[in-house]
Structures are given as C-alpha cells and as structure tokens.
Amino acid sequence: MDAAGHPCIPSWSGTAGADVFGELNAQQREAVMHGSGALLVIAGAGSGKTLTLAARVARLVLDGADPQRLMLLTFSRRAAQEMQHRAGLLLHRALGLHERQRAPALPWSGTFHSVGARLLREQAAQLGLSPDFTVLDRGDSEDLIGLVRQELGFAATRMRFPLKGTCLSIYSRVVNTREPLARVIGSAFPWCAGWEEELTRLFDAYAGEKQRQQVLDFDDLLLYWSLMMEEPSIAHVLRDRFDHVLVDEYQDTNRMQAAILAALAPEGRGVTVVGDDAQSIYSFRAAQVRNILDFPKTCTPAARVIALEQNYRSTQPLLDASNAVIAQAGERHDKRLWSERASSMRAELVAVEDESDQARWIADAVLARREEGVTLKRQAVLFRTGHHSAALELELGRRNIPFVKFGGLRFLEAAHVKDVLSVLRWAQNPRCTLAGLRAAQLVPGFGPASARRLSDAMAAAEDAVAALHAFKPPAASLEDWSRFLALYDALRAHADWPGELQAVQRWYAPLLASLHDDAPTRLADIEQLARLAGGYPSRERFLTELTLDPPSATSDESQEPGLDEDYLILSTIHSAKGQEWHAVYVLNVVDGCIPSDMATGSAAEIDEERRLLYVAMTRARERLHLLVPQRFYVTQQSSLGDRHLYGALTRFIPPEVARHFAWVGPHSAVPEITSAASQAEKPGPLPAPGFDIAARARARWSS
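Its first residue numbered 109, the sequence shown is counted upward by one per residue in my numbering.
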C-alpha cells in the first residue's frame, strides 16, 4: 500500500511497453505520452481516435496506474468494449503475456448512464434510494408520465395539453441543459407556452411516483449522479476513488455530464477528454458544443490541447473540400486534416433539375460504381431529414436496387421482449408498478382490472411481496397464477443467473403462440436475450445495461435483407456519424434543406448545420457527390402552402469554398450568401440546491 492507502501497482514501462506504440503517428504519440495534467485531444474525422484513447489507457496502466482506479466514459456499451479490447491487446503485447493470460481489466469502463447507475446503487442508502431501483426505458417513462398526467386531470383540459411524449421531452431537456423550465419551453417547445405551472406540477408528481416505485429514468441517472457529487462527504469518497477519468466523444456531452466531470476532478488533474468540436451535431439531445470549446480554461492549470490531424480515411481532395467548409465556423479548435492518400478525383457538386432527376442520377451512379467493383454496401446516400429520401426510394424500387434505410423497431420496444423483461424487473423491484401491471396480465385469465387491484394492494402494503401472495386472483386463472407465483418466488431467491432468465423463457414460451402469430420469430428474440444474459454477472447489471444500451433491433428487423446479397445504404446524417463508405451521395445540398429552414434562428444553430454537412462529407473514402437540385417541392409551409422552390446552393459553399469542388451538370454562377444571425441567448443562473436529493431534482423544473 502507498501512503494514501492505495494498492501499489508495478510499473511496466520500458522497452517492451514502448514497442507497442510504434504504430502511432507523432501527434497520437504525444497524446498517449502526456503526463497526468488535464488533456484535450481534438481528434479530427478518421484520425485514429479510438486507437489513441486505447493506447493512452494502456500507457497509464503500464506506468503504474491501477485499472481499478481508472474511469473510462463512452457513449455506447460497444464503444466501451472496443476501447477495452484495444487497450487489452496493447497491454497483452507490452507485458509479454501468454495467449491464455488476460491483461488487466477496466472494471469502471462504460457509458455515463451505466457508470452512474452503478455508483448510485453503491450510495443508495445515503440518497433515499433502494439499491434494487429499476431503470425505465424511454417507452416505460412515457407511459408512467402519461399515467400521472391522466391522474392530475391534464388529459381532460379544454385547451390542448402536451402529450406524454412531449412532456417527457421537456422534462429531459430541463434536466440535461440545467436550464429553467420557462427558458426551455420558450426556446425548444414554444407551442407549450402557458402550461409552465401545470408542467411543474406534473414533473413534481412524476418524480414522486418514481420515488414511490423506486424507479429512475435515463435522465435521473445523470441528475442524481450530479446531485450526489454536491454532497461533500460522498464527493470526497468518489474523487479519492479514481486517479484518471477519460471521456470519449466529449463534444456530445451535455451540461449535466460536464458538471459531473468537473465534480470528479475539479482542477482537471488526471482528466483526458477526446472529441471533435467540428462533429458536434446533437444539440437536439441537449449536447453542448461549448463543453469542448471551453474545456481548456475550466482546468487549473489550463488543459493542454493536442490535435490529431492525419486522416486515415479520405483522399486529400475530399479533405480539402471538407476543411474549407468547416473553416467558416464562427468558433472552433484549429486543425486542418491531411492525408497521405493522393487522388485526382475532387469532391463533386452535382446540379440536377429536381428531386426526380436527383433520384435518377443517384440510381445511375450507384449502378455504375457497382460495375466498377464497388458493392452497394460500400455506398451510402445521406440526407438531413428522413423524408428527403422519398423520391429516391421510389426510384430504387423501380430499378430493383435493394436498400436499407436506418430505423425500424427497436429491440426493447418489441412486445415480447418487454413481456419477459417486465417479469424480471418485477421480481427485482416489487414496487415497480409498470412492470407489475404488464407481467400480471400475461397470466391467462388475468385482465387489466385484476392487475390494477393487485397493483393497488401491493402499493398500499408495507410488504409488497406478502401482498402479492395474499391476493385472490380471478377464478379462471387460479392454476396459472399458482405457476406464476412459483416462478416469481424462484426469481426473488436470486438462485441462479442467467438461469433465472431461462426459467422465465420456459414459462413464457407456451404463451407466445396464443399472443402472437409469428411466435417462432419472437422466440428467437427471447433466445437472443438469454445469450446476452450470459455476459453479465447479475440480473441487476443485465437489466440496467440492457435498458441503457439495447440491441438496435429485433431479430426479424436486424437481419440483413434477404432481397439480395448486396444493398445500398440510406441514412440520415445523424445516424451516419462514425461510419464510412467508399462513395457518399448527399441529397439536397441547398438552403432550406442544408441548413434546414427550421434551424437558422441563431448563429449557434447555423454553425451546427454547417457541422452536419461536414460530418456527411467526411464519411467518404474515395468519392463524394453533393446533389444540388435546381428546383424542389416543399410541403406544409405555415403561410405559403405547398410550393416549388428554386434551389440555391447551400450558404456553406460560397465561391471561395466551391473552388475545391468539381461541378457536374448544368449550373449557374454560385451565389455568394451571407447571413446575420443573432447570437444564442446565454443561460440563466441555476437555482441554489439543498442536499435533499428529491427536492434538488424538483428544483430543476420548478425554478
């Protein structure tokens, strides 16, 4: 043990450790070898961000950092696993381990929400929470706030009260932006103006119902973690627990996440954040580009900034065009991407007559690339908004060109998956009303009225499980209810994980045929759940992690389409972030579409639209085509009605930027477009909280 009582970890630095970093370029190595002071790595698109962060983790461990005292925060479980895998490979090689020997693990690697959930369970006793609290997914959170909304009588108002989904979105934005309710409504939900008092009552009742049921939603995990760090005794313990905190994709953090990081390391010592302000495109999820722009000066001393500029994805002509677009941004961290991949093909601006002509041009182009040996899967069509691809989808159908458009039924939204998980969640937390109502109604003969009577009885009882056993079910369900109680008791015993899920699967499988016509397909999803369960040490960790980062789709939706061995990718730009393709086609690169005419109300909004175009452009490896319709159809204009507009090349490509592109097709002179957008309004002061964590949470929306 060292003087502070921490376990001493041997240092593995030396020639063996240095060899594994030989593949890094100079800037990457500089970031990896940086000391313990605060560090900001501006990782340009395609610059090897994942390798650099994983190598830094490995280097810290090699130099003696205790993996148990290292926190790695990412935005998806898969990203955390990839980071751990790469760091593990580097450590394995550096330590000269046998192939069957394992490198040191990183137990505190995961998403903000999953790590927050683990810390909250550890400190639950001091926060008035049960360690067995349930985490609600988005659908369940909407249902719960909808029930509260109805109980308060807001569903019967003479004026149109916001629907449950809108209410939850407002609540979420208040929590994550740390802005007062009135400001959030004014800036993001102006059609809800006038309902501030009712929404405050709704959010207060929603919080109270969650407290009663011992459930938290996604936003609560960050809110409660942040509030927990405001209590000095707990904050001191957590600060002393971690020597290094590394954050991936820092440009996507919101104010709550930035506050958590600042509370973990107030001066920034031991903190490494990695990201790219030029790829900050999620303000609609409350992400704040200011977090990464302002990070250096929030640390004492100021954080060191290292930019990764060598791009390993795109050719230099494509990077020249992308650099020129983003160079117009009002405020940014300076960098200029470059590549060793030379090419004679410049990015193209493709002038087309209208959206139908645009669709025909793309269909011709993707087939031509296919004949050259570029499969459809290596090509992607990107667009600002989902409906922009409507004409193209029709044309692809006529040409018999198979395609996949990102979207579809999410795994946790499927009825059969929710059924199985509700049984597990109810056993984990008998106070969870939503899980109980759903699980009880799976028992044959058990209807909504009986389920509500049971729920009310359990809510009123001091011992909810005893009330469950004392409940008299409908006569038609006596035998099935007895079998369910036996299953419930076995689950409460925590006897065997993941055997508990398999027991639920055996109980539920006979019900599938009576509930759904496609029972075999749905059973495959349940079997997938069982396979996933084997990767988690406990039921609690499985339920939490699966809720926070579920598989993207059900088995019948996630399979690659059987229409063809190859298919074209259609995707919104937001969904394409982090991906790359040989050839990229971007639809409707005209003012009104990019930037969207709904996102030009401030300089901040316009800058984000510019970053969105930049993200689309930097997905291309070899070929990049920006489509410029000379005329396109616009629907649902509030004052002018449906009409045709004449396309003007996006303001993000003025003449001095257009020289980096090649024009294809007939075109007019490129107009020079200027804008004078207002500056974004600065956030107001935050309320002064006390330590009652529920009261502090309420203060977020009642101020």
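Backbone N, C-alpha and C define an ideal beta-carbon position, used for all residues, glycine too. Computed from a prediction, not measured in an experiment: that's the story for all the values here.
- Below 8 Å, enough C-beta pairs join the region 126–141 and the region 399–415 to call them touching: three or more.
- About 5 Å separates the Cβ atoms of glycine 544 and serine 563, confirming a contact at the 8 Å cut-off.
- For the pair tyrosine 314 and leucine 324, the CB atoms are not nearer than the 8 Å cut-off.
- The alpha helix (DSSP H) runs of length 4 or more contained entirely in the region 130–190 are, from start to end of the chain, 134–141, 157–170.
- Under DSSP, the beta-bridge partners assigned to cysteine 701 are Ser704.
- For the pair asparagine 508 and glycine 686, the Cα-to-Cα distance works out to about 29 Å.
- Under DSSP, the beta-bridge partners assigned to arginine 731 are Ala691.
- In the DSSP assignment, threonine 219 falls within the unbroken beta strand (DSSP E) covering 217–219.
- Within the region 204–271, the runs of alpha helix (DSSP H) at least 4 residues long that lie entirely inside it are, in chain order, 220–230, 232–235, 246–259.
- Remark: C-beta atoms of valine 165 and leucine 214 approach each other more closely than 8 Å.
- The alpha-carbon of histidine 206 is positioned some 25 Å away from that of threonine 158.
- No Cβ-Cβ contact shorter than 8 Å links alanine 627 with glutamine 610.
- In this structure, leucine 504 sits near alanine 471, with a CB-CB distance shorter than 8 Å.
- Judged by DSSP secondary structure, leucine 545 falls outside any beta strand (DSSP E) and instead within the alpha helix (DSSP H) spanning 541–548.
- Per the coordinates, the alpha-carbon of aspartate 699 lies some 15 Å from the alpha-carbon of serine 710.
- Of Arg347, Ala498, Gln738, Gly247, the smallest CA-CA separation from glutamate 461 is found for Gln738.
- Under the three-state reduction of DSSP output, phenylalanine 326 falls in the helix class.
- With the rule of 3 Cβ pairs closer than 8 Å, the region 279–291 counts as touching the region 299–314.
- The beta-carbon separation of methionine 725 and alanine 488, rounded to 12 Å, does not stay under the 8 Å limit for a contact.
- Phenylalanine 262 and leucine 542 have their C-alpha atoms spaced approximately 20 Å apart.
- The region 268–277 makes no contact with the region 344–363; the number of CB pairs closer than 8 Å stays below 3.
- Contact between the region 211–225 and the region 250–257 is not established, with fewer than three Cβ pairs separated by less than 8 Å.
- Per the coordinates, the alpha-carbon of valine 397 lies some 39 Å from the alpha-carbon of glutamine 536.
- Linking threonine 160 to aspartate 360 through their CA atoms gives a straight-line distance of about 18 Å.
- Here serine 679 is bridged, per DSSP, to Leu490.
- Contact between serine 683 and phenylalanine 514 holds: their C-beta atoms lie close to 5 Å from each other, under 8 Å.
- Taking the Cβ atoms as the reference, valine 379 lies roughly 33 Å from alanine 728, outside the contact range of under 8 Å.
- Scanning its chain for C-beta atoms nearer than 6 Å, with the 5 sequence neighbours on each side dropped, one finds around serine 222 the residues Glu653, Leu656, in chain order.
- Using a C-beta cut-off of 8 Å, the region 452–461 makes contact with the region 757–773, since at least three inter-stretch Cβ pairs fall below that distance.
- Nearest Cα to arginine 539 within the set Leu595, His193, Arg186, Ser238: Ser238.
- Alanine 632 carries a helical assignment under DSSP once its states are collapsed to helix, strand and coil.
- Relative to alanine 163, the option among Gln176, Gly154, His142 whose CA is nearest is His142.
- Proline 288 sits buried, since 16 or more C-beta atoms from the chains shown fall within 10 Å of its C-beta.
- Per DSSP, threonine 308 has no beta-bridge partner at all.
- Residue environment analysis places glutamate 480 among the exposed positions, since fewer than 16 neighbouring C-beta atoms fall within 10 angstroms of its C-beta.
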